[in-house]
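Down below is the structure, laid out as structure tokens.
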Amino acid sequence: MWQKQLLIYKRPPAGLWGGLWGFHEVDHAEQIIERASNLGFNEIQQQTLSPFRHTFSHFHLDIQPVVLHLKKQPVAQIMEDTQMWYDLTQPQNVGLAAPTKKLFSTINTSF
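Everything in the sequence shown is counted per full-length UniProt numbering, starting at 1 for the first residue and increasing by one.
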């Protein structure tokens, strides 16, 4: 997160939440720093939010959100069609999965 802007990406057209925008995901907490580094973010502060459960018709998804606060303004611009900085103060009109909307609301009121 940088000044109420959140990096999101567009999911592939097929599969869970196909074509919707959401946050980058990792399977294990140890992968967070590696993923951040791969995105060019080296100076970060992690903040864990309260976990929550999203229920589908046939299974549950337990989500443990972690906000990465960037200590410096990102120097590289995200130039891919599949990634964007979502500005919470000027929301863009893009398709979002329900858990993403919930996290936007939580982050917007918490920071």
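Note that the Cβ used here is the ideal one computed from N, Cα and C, for glycine as well.
Here the structure is a predicted model, which is why all the values come from computation and not from measurement.
Starting from the C-beta of residue i, find all residues in its chain whose C-beta is less than 7 Å away, skip the five residues before and the five after it, and write them out in chain order.
i: TRP2; result: LEU70, GLN73 and PRO74
i: PRO99; result: HIS54 and ILE63
i: LEU20; result: ARG11, GLY95, LEU96 and ALA97
i: TRP17; result: ARG11 and ALA97
Spell out the partners DSSP gives residue i in its beta bridges.
i: ASP87; result: GLN5
i: TRP21; result: LYS10 and LEU96
i: GLN73; result: Paired residues: none, contrary to the question.
i: GLN46; result: LEU68
i: PHE52; result: ILE63
For residue i, I'd like the list of residues in its chain whose CB is within less than 8 Å of its CB, leaving aside the five on either flank, ordered along the chain.
i: THR82; result: TYR9 and LYS10
i: ILE32; result: VAL26, GLN46, VAL66 and LEU68
i: PRO13; result: GLY19
i: PRO22; result: The residue asked about is misnamed: residue 22 is Gly in this sequence, not Pro. Same-chain partners within the cutoff: ILE8, TYR9, ARG11, LEU96, ALA97, PRO99 and THR100.
Secondary structure at residue i, three-state DSSP: helix, strand or coil?
i: PHE59; result: coil
i: PHE104; result: helix
i: THR109; result: helix
i: GLN31; result: helix
Within the same chain, show all residues whose beta-carbon is closer than 6 Å to that of residue i, passing over the 5 residues directly before and after it, in chain order.
i: SER50; result: none
i: LEU61; result: HIS54
i: THR48; result: VAL66
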